[in-house]
């Protein structure tokens, strides 16, 4: 298992290098000029100086190598320094700077990360917590009215796009009933009970939208996996031995059924971040998704490059985690 | 010519009828098919019955509630919402179909190539893994912002964005089809009729077209239906983020995006386009489910 993990980690390095190269060349080869929005009255020599200041006058590969160095060596060292308080080498390292704000990209991401993790992460957690009992019950009572309704709701839940559920909820609960705010107040700090209530109220709708979506997706996996296990021989053996039905379902079947579900849940974690793009846009949550959209609209290439690459890192990382978890949880799987 | 006729007979003949019989047993699939047919009919025939130009501005009639003349009401410029939804639907469905066709063409050819020719398997599957590891929605957004202007200049405003979005969706969603088709091809390849064809000296390309492809058609069909649904969702997501179709050439997603700013005054502007997207995707997904069940040999035995 350990050897497998190490091998996967080592193969992840070239994969990530290729992905970063693809993203970088896509952004570079794109026929758009980062200075295109500037007034035409700027003289050419000033324009050339501005290009030089943005580092655009260097060859493509040099810029790519520079970005790699900044992203993989300088920024992790900075983060390490900030967390441990130690001084590692010279503190004046070159950082990936955002063109729009001129501040380090990583600082922007660190600012935005908590909102995304709270809203979208919480919705994912709720989704998993709801999906397991719903999926298990609908598999156990297959073809019952509960199963039929759950199947229909799940179908609706993942067919109806989140931007429509979100908008409908805003129309009903914010515009008509005025129970919840439609816009996420990002200046709100939780200090006492009323501000906590306000925070919960403003998180309610986005979390609800995403929870519905996540629950519908995961509950179908739980149901299918439960159905696979319910008809296995070991279940019949357990029942024949006189094991209580409760124990059969909850201990024997559910535990075995959750093994593939764990991997699906792990594979879905990166979608927390990319799925957040739409929801954050609807409810004006200033998380990573919104940061990406503003960066794309503003043509802030370093920020776009870094964010997209971080999403890619998450996907590769959680693919690896899912495979390793599968091997750890299921003794029948052997990667040796 | 006669050979081809015989083949289509074999596909749509008794087996096709059997699949159809199974399909009809799935209530969700039947309702989905009816709803989808209704939507397609409304979108393509509707404009002849409801002869209002979706782009006609009449400020006096702005932000109206539904009336007999304007069944869905009007927007802030007095344009008829019903006509706009019908027109938007044509674009949305066209994008869905075209993107699905591209996805299928890419996915099926990559799947067949890597399943049939072992030499291509390694590199093509690594390519598939690489694409699966890319953050697709962010990249799609980036690609569209970066290439929108040049394509618009090259092909005109509406055709340019149509090509860009269809190619973008097609290039980023072929991976699952490729994997499924590859698995099926690997199974079909081991069967004796393929061996017999190889022994008879048939060329590999012909074997693939005559023997392999017809046998993996069922999984291609299922991923086709699911591909339409996901293409429509992706297109409307892009439009909803303001990075899809322009406002003068709106799809359902764009209508929804434009309606969000006015949802306090005229909630109908977000409800109808959203409902149209949701119903279409829902019915296509139900149809896909029903086709999958109908083609499942385990279900046939019941």
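Residue numbers (our numbering), protein chains in the order written: chain A, 1 to 336; chain B, 1001 to 1302. Backbone N, C-alpha and C define an ideal beta-carbon position, used for all residues, glycine too. On a predicted model such as this, the values are computed, not experimentally measured, just so you know.
Worksheet item: Can the beta-carbon of residue 1250 of chain B be found less than 8 Å from the beta-carbon of residue 1258 of chain B?
Response: Within the second chain, residue 1250 of chain B is the residue found at index 250, counting from 1. Within the second chain, residue 1258 of chain B is the residue found at index 258, counting from 1. Cβ atoms of residue 1250 of chain B and residue 1258 of chain B: closer than 8 Å.
Discussion item. Any beta carbon of chain B sitting closer than 8 Å to that of residue 308 of chain A?
Written reply: Here the question's residue 308 of chain A lines up with position 308 in the first chain. Closer than 8 Å to some Cβ of chain B, the Cβ of residue 308 of chain A qualifies, so yes.
Discussion item. Does the contact criterion of 3 or more C-beta pairs under 8 Å hold for the stretch 290 to 306 of chain A versus the stretch 198 to 206 of chain A?
Written reply: Contact fails: fewer than three Cβ-Cβ distances are below 8 Å.
Worksheet item: Per DSSP, what kind of secondary structure is residue 306 of chain A in: helix, strand or coil?
Response: The residue given as residue 306 of chain A occupies position 306 in the first chain. Taken through DSSP and simplified to helix, strand or coil, residue 306 of chain A comes out as helix.
Worksheet entry | Through-space distance from residue 1072 of chain B to residue 284 of chain A, alpha-carbon basis | Within the first chain, residue 284 of chain A is the residue found at index 284, counting from 1. Within the second chain, residue 1072 of chain B is the residue found at index 72, counting from 1. Taking the straight line joining both Cα atoms gives about 28 Å.
Fill in: residue 322 of chain A and residue 263 of chain A closer than 8 Å at C-beta
As a position in the first chain, residue 322 of chain A is number 322, starting the count at 1. As a position in the first chain, residue 263 of chain A is number 263, starting the count at 1. Closer than 8 Å, so yes.
Fill in: CB contact check: residue 319 of chain A to chain B, cutoff 8 Å
As a first step, residue 319 of chain A must be located in the first chain, where it is residue number 319. Yes, residue 319 of chain A lies at the interface with chain B (some Cβ there is under 8 Å from its Cβ).
Fill in: Option in B/1054, B/1075 and B/1047 with minimal Cα separation from residue 1060 of chain B
For this step, residue 1060 of chain B is matched to residue 60 along the second chain. Ranking the options by Cα distance to residue 1060 of chain B, first place goes to B/1075.
Discussion item. Using a 10 Å radius around the Cβ and a threshold of 16 neighbouring Cβ atoms, would you call residue 1289 of chain B buried or exposed?
Written reply: Within the second chain, residue 1289 of chain B is the residue found at index 289, counting from 1. Counting the other Cβ atoms within 10 Å of the Cβ of residue 1289 of chain B gives 16 or more, which makes it buried.
Worksheet item: From what residue to what residue does the alpha helix (DSSP H) around residue 1241 of chain B run?
Response: The residue labelled residue 1241 of chain B in the question sits at position 241 within the second chain. For residue 1241 of chain B, no alpha helix (DSSP H) segment is defined, and its DSSP state is neither H nor E.
Fill in: Three CB pairs or more closer than 8 Å across the stretch 1040 to 1059 of chain B and the stretch 1082 to 1093 of chain B
Short answer: they touch.
Fill in: Proximity winner among B/1237, B/1181, B/1198 and B/1238, relative to residue 1214 of chain B (alpha-carbon distances)
The count along the second chain starts at 1 and reaches residue 1214 of chain B at position 214. If we check each option's Cα against that of residue 1214 of chain B, B/1181 comes out closest.
Discussion item. Quick check on residue 1189 of chain B: buried or exposed, where buried means 16 or more other Cβ atoms within 10 Å of its Cβ?
Written reply: Here residue 1189 of chain B corresponds to residue number 189 of the second chain, with the count starting at 1. Under the 10 Å beta carbon count, residue 1189 of chain B is surrounded by 16 or more other beta carbons and is classified as buried.
Worksheet item: Residues in its own chain within less than 7 Å of residue 325 of chain A by CB, not counting five upstream and five downstream?
Response: In the first chain, counting from the first residue as 1, residue 325 of chain A sits at position 325. Only 262, 263 and 266 meet the Cβ criterion.
Worksheet item: residue 1112 of chain B touches chain A at which residues, Cβ-Cβ below 8 Å?
Response: Locating residue 1112 of chain B in the second chain gives position 112, where the first residue counts as 1. Those do not exist, as residue 1112 of chain B stays about 25 Å from chain A at its closest Cβ, beyond 8 Å.
Fill in: Any chain A beta carbon closer than 8 Å to residue 1159 of chain B
Residue 1159 of chain B sits at position 159 when you count from the first residue of the second chain. Interface with chain A (8 Å Cβ-Cβ cutoff): residue 1159 of chain B is excluded.
Practice prompt. Pick helix, strand or coil for residue 206 of chain A, following the three-state DSSP scheme.
Written response: For the purposes of this step, residue 206 of chain A is taken as residue 206 along the first chain, with counting starting at 1. Looking at residue 206 of chain A - three-state DSSP - the assignment turns out to be helix.
Item to complete: Report yes or no: is there a C-beta of chain B within less than 8 Å of the C-beta of residue 209 of chain A?
Response: Counting from one through the first chain, the residue named residue 209 of chain A turns up at place 209. Closer than 8 Å: no.
Discussion item. 8 Å is my cut-off, CB to CB: does residue 183 of chain A come that close to chain B?
Written reply: Counting from one through the first chain, the residue named residue 183 of chain A turns up at place 183. The beta-carbon of residue 183 of chain A is placed no less than 8 Å from the nearest beta-carbon of chain B.
Discussion item. Would residue 1291 of chain B and residue 1225 of chain B qualify as a contact pair, given that the criterion is a beta-carbon distance under 8 Å?
Written reply: Position 291 of the second chain holds residue 1291 of chain B. Position 225 of the second chain holds residue 1225 of chain B. In this structure, residue 1225 of chain B lies closer than 8 Å to residue 1291 of chain B by Cβ.
Discussion item. How far does the alpha helix (DSSP H) with residue 1132 of chain B in it extend, from its first residue to its last?
Written reply: The residue you call residue 1132 of chain B lines up with position 132 of the second chain. Run containing residue 1132 of chain B: 1118 to 1132, per the alpha helix (DSSP H) assignment.
Discussion item. At the level of alpha carbons, what is the spacing between residue 224 of chain A and residue 139 of chain A?
Written reply: Sequence index remark: in the first chain, residue 224 of chain A carries index 224 (1-based). Sequence index remark: in the first chain, residue 139 of chain A carries index 139 (1-based). Cα to Cα, residue 224 of chain A sits roughly 7 Å from residue 139 of chain A.
Practice prompt. Could you tell me which residues DSSP puts in a beta bridge with residue 104 of chain A?
Written response: Position 104 of the first chain, counted from the start, is the residue given in the question as residue 104 of chain A. A/97.
Worksheet entry | Length of the line joining the Cα atoms of residue 331 of chain A and residue 247 of chain A | Translated into positions along the first chain, residue 331 of chain A becomes position 331. Translated into positions along the first chain, residue 247 of chain A becomes position 247. Rounded to the nearest angstrom, the two C-alpha atoms are 21 Å apart.
Worksheet item: Between the beta-carbon of residue 67 of chain A and the beta-carbon of residue 96 of chain A, is there less than 8 Å?
Response: For the purposes of this step, residue 67 of chain A is taken as residue 67 along the first chain, with counting starting at 1. For the purposes of this step, residue 96 of chain A is taken as residue 96 along the first chain, with counting starting at 1. Yes.
Worksheet item: In chain order, which alpha helix (DSSP H) runs of at least 4 residues are fully inside the stretch 18 to 82 of chain A?
Response: Counting only runs of at least 4 residues, the stretch 18 to 82 of chain A fully encloses the following alpha helix (DSSP H) elements, listed from N- to C-terminal order: 44 to 53 and 60 to 69.
Worksheet item: Which whole-angstrom value is the C-beta distance of residue 3 of chain A and residue 320 of chain A, which I expect to be below 8 Å?
Response: Indexing the first chain from 1 puts residue 3 of chain A at position 3. Indexing the first chain from 1 puts residue 320 of chain A at position 320. That belief does not hold up - the Cβ atoms of residue 3 of chain A and residue 320 of chain A are roughly 14 Å apart, past 8 Å.
Fill in: Per-residue contacts from residue 155 of chain A into chain B (C-beta, under 9 Å)
Residue numbering aside, residue 155 of chain A sits at position 155 when the first chain is read from its first letter. Simply 1028, 1282, 1285, 1286 and 1289.
Fill in: Backbone secondary structure at residue 1075 of chain B - three-state DSSP
The residue given as residue 1075 of chain B occupies position 75 in the second chain. In the three-state DSSP reduction, residue 1075 of chain B falls in the coil class, being neither helix nor strand.
Worksheet item: Using the beta-carbon of each residue, which ones in chain B are nearer than 7 Å to residue 274 of chain A?
Response: The residue labelled residue 274 of chain A in the question sits at position 274 within the first chain. Taking a Cβ-Cβ cut-off of 7 Å, the neighbours of residue 274 of chain A in chain B comprise 1135, 1137 and 1138, given in sequence order.
Discussion item. In the DSSP output, what is residue 1080 of chain B paired with across the bridge?
Written reply: Stepping through the second chain from its first residue, residue 1080 of chain B is reached at position 80. Per the DSSP secondary-structure output, residue 1080 of chain B pairs in a beta bridge with B/1074.
Fill in: Delimiting residues of the alpha helix (DSSP H) encompassing residue 249 of chain A
Walking along the first chain from the start, residue 249 of chain A turns up at place 249. Bounds of any alpha helix (DSSP H) do not take in residue 249 of chain A, whose DSSP letter is neither H nor E.
Item to complete: Using a Cβ cut-off of 8 Å, pull out every chain B residue sitting near residue 170 of chain A, in sequence order please.
Response: To locate residue 170 of chain A, count along the first chain from 1; it is residue 170. The answer, in chain order, is 1263.
Fill in: Under 8 Å between C-beta atoms of residue 282 of chain A and residue 166 of chain A
Position 282 of the first chain, counted from the start, is the residue given in the question as residue 282 of chain A. Position 166 of the first chain, counted from the start, is the residue given in the question as residue 166 of chain A. Contact flag set, yes.
Practice prompt. State the Cα-Cα distance for the pair residue 156 of chain A and residue 1166 of chain B, rounded to the nearest angstrom.
Written response: As a working note, residue 156 of chain A is residue 156 in the first chain. As a working note, residue 1166 of chain B is residue 166 in the second chain. The straight-line gap from Cα to Cα measures roughly 25 Å.
Item to complete: Just the chain B side, please: which residues come within less than 7 Å of residue 312 of chain A by C-beta, in chain order?
Response: Residue numbering aside, residue 312 of chain A sits at position 312 when the first chain is read from its first letter. 1133, 1134 and 1135, listed in chain order.
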